[in-house]
Amino acid sequence: MTLRLHDTASRSIREFVPITPGRCGIYLCGPTVQSAPHIGHLRSAVNYDVLRRWLTRSGYEVTFVQNVTDIDDKILAKAEDVEWWALAYENERAFADAYAALGCLPPTIAPRATGHVPEMVELMKRLIERGHAYDAEGDVYFDVQSYAEYGALSGQRLDHMQGDGADDHCKRDPRDFALWKGRKPDEPATASWPTPWGPGRPGWHLECSAMAGRYLGRAFDIHGGGLDLVFPHHENEIAQSKAAGFGFANYWVHHALLNLGPEKMSKSLGNVIDLPKVLGLVRAIEFRYYIATPHYRSTIDYSEEALLEAAVGFRRIENFVQRAVERVGPVDGLPSAAFTAALDDDLGTPAGIASVHEAVRVGNAALTAGDDEGIRAALAEVRGGLEVFGLDPLSVEWAASEVGSADDLRSTLDSLVKVALEQRQAARARKDYGASDSIRDQLKEAGIVVEDTPAGPRWTL
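Residue numbers (UniProt numbering): 1 to 461.
Below, the structure written as structure tokens:
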């Protein structure tokens with residue numbers, strides 16, 4: 001079975017056939033950096049990180065482009081006491097740090113909108129020459145009626161659409177959208193660039209077509225983003241790119257949203273939770289497990305209860321990995337046939353993680369029986385699946401996050417628990433089972449579980 005993905009444009013699950021055999025180009029709509037990230041943004045990053053890892057595991061050479069929108073109406077509006085570019089850069093770094101904290105691989109390139117104005121100007125010239133765009137009072141607009149397929153991605157008819165109400169006096173049709181915005185008198189000079197139509201700055205939609213073409217070519221494999229971007233953003237990207245004569249994306253892979261209550265998590269709605277708050281409840285690797293294991297097209301309704309339950313589920317896997325490595329040493333990961341079939345079926349992460357849990361169950365039975373070959377086989381399957389999810393606790397990215405203060409804390413805790421376990425062993429030796437059980441119960445109340453093994457007592461948090 002080969003990889004199949006749900007394509008929003010065809011409304012079907014299609015077999016993935018790359019333009020160039022053995023290679024895959026992905027463009028993911030990245031953040032608009034008017035403020036720091038919330039956990040809804042991070043679901044997007046983790047979902048496409050899993051897709052990228054699975055493509056790499058399947059033998060593809062992946063070029064992963066994730067843009068940064070660093071000039072926008074919202075950025076200018078929020079930059080009251082600082083330069084707009086300083087605000088944008090501060091938040092860009094916050095996004096990068098959050099991605100790294102969750103173990104996301106860095107993109108092949110993360111192009112900024114402000115660094116690609118020449119490509120945008122060339123694209124606008126081409127659209128005007130082909131009769132699909134026009135300038136008006138320093139702005140440049142796309143003529144939606146000139147492109148017959150407008151609305152196909154989102155399944156809408158042009159005669160059922162309305163404009164956004166912005167600058168309608170400049171437009172030929174209220175439904176036309178801005179490719180370029182002329183500089184307004186109250187905007188800083190640093191937020192505009194010279195063009196044949198006057199100084200100004202890019203529209204949101206134009207930049208993605210220009211940057212995707214710059215780094216992936218006129219036709220590429222996969223375009224990603226949230227379902228909330230299908231219209232108007234991705235609809236407009238398709239229109240301006242194909243009207244310019246470019247093939248653009250072969251597959252449109254959209255992820256569902258992370259909701260807080262009845263609505264999506266959104267800065268504009270004010271119902272956001274940031275990563276530091278979540279990391280006060282669980283570790284970064286446990287939060288990644290929470291957002292990586294549901295299917296990417298399934299909505300996540302965030303709750304602390306579900307988050308904590310997911311953390312417990314991951315710890316069961318992690319506990320097996322630690323015990324197995326103590327017994328047989330590290331084993332290279334090799335995904336099982338069940339895991340491979342699940343991920344090839346539209347990135348079926350729920351079935352994939354279920355196969356990992358099944359391997360943990362088999363591995364725990366092998367540990368109990370002292371079956372080293374069974375332990376190695378189970379550990380290979382578990383690590384193989386966890387590597388694709390970006391959740392292998394033995395990987396360099398997560399091992400590095402555990403060094404320093406965490407190691408110091410565990411060493412201190414280990415010494416204290418060792419004293420208590422020695423007292424418990426002494427009580428058992430003198431047949432004072434009441435005292436022995438009391439020590440064990442006190443440790444349990446403190447969150448420390450003691451397991452008696454043939455090699456002696458073993459504790460875990």
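Note that beta-carbon positions come from the ideal geometry of N, C-alpha and C, so glycine has one too.
Gly434 has its alpha-carbon roughly 18 angstroms from the corresponding atom of Val419. With contacts defined as CB atoms closer than 7 angstroms, Ala88 and Ile75 qualify as a contacting pair. Collapsing the DSSP output to three states places His223 in a strand. Look at Val253 here: in three-state DSSP terms it is strand. In this chain, Leu76 is not harboured by any beta strand (DSSP E); it is covered by the alpha helix (DSSP H) spanning 73 to 78.
For Trp180, the enclosing beta strand (DSSP E) has its first and last residue at 177 to 182.
Assignment of beta strand (DSSP E) within the region 104 to 169, counting only whole runs of 3 or more residues, yields 133 to 136, 139 to 142 in chain order. Across the structure, Phe320 and Glu451 are spaced so that their CA atoms are roughly 13 angstroms apart. Selection Phe314, Asp441, Pro232, Ile71 evaluated against Ala189 yields Ile71 as nearest (Cα-Cα). When secondary structure is reduced to three states using DSSP, Gly203 falls in the coil class, being assigned neither helix nor strand.
The beta carbon of Gly22 is closer than 8 angstroms to those of Gly59, Tyr60, Glu61 in its chain, skipping five residues each way along the sequence.
When DSSP states are grouped into helix, strand and coil, His6 belongs to the strand group. Listed in chain order, the alpha helix (DSSP H) elements of length 4 or more contained wholly in the region 372 to 402 are 372 to 389, 396 to 401.
Between Ala45 and Ala284, the gap from beta carbon to beta carbon reaches 7 angstroms or more. Beta-bridge pairing by DSSP links Tyr27 to Val65, His223. About 7 angstroms separates the CB atoms of Trp204 and Thr69; that is less than 8 angstroms, so the two are in contact.
Residue state for Pro232 is assigned as helix, using DSSP reduced to three classes. Looking only at Asp159, Val396, Gly348, the smallest Cα-Cα distance to His255 is reached by Gly348. If you look at Thr340, you'll find it in the alpha helix (DSSP H) that goes 337 to 344. In the DSSP assignment, Leu87 falls within the alpha helix (DSSP H) that extends over 84 to 101.
Comparing alpha carbon positions, the residue from Leu206, Gly182, Cys208, Gly163 closest to Pro196 is Gly182. When DSSP states are grouped into helix, strand and coil, Ile317 belongs to the helix group.
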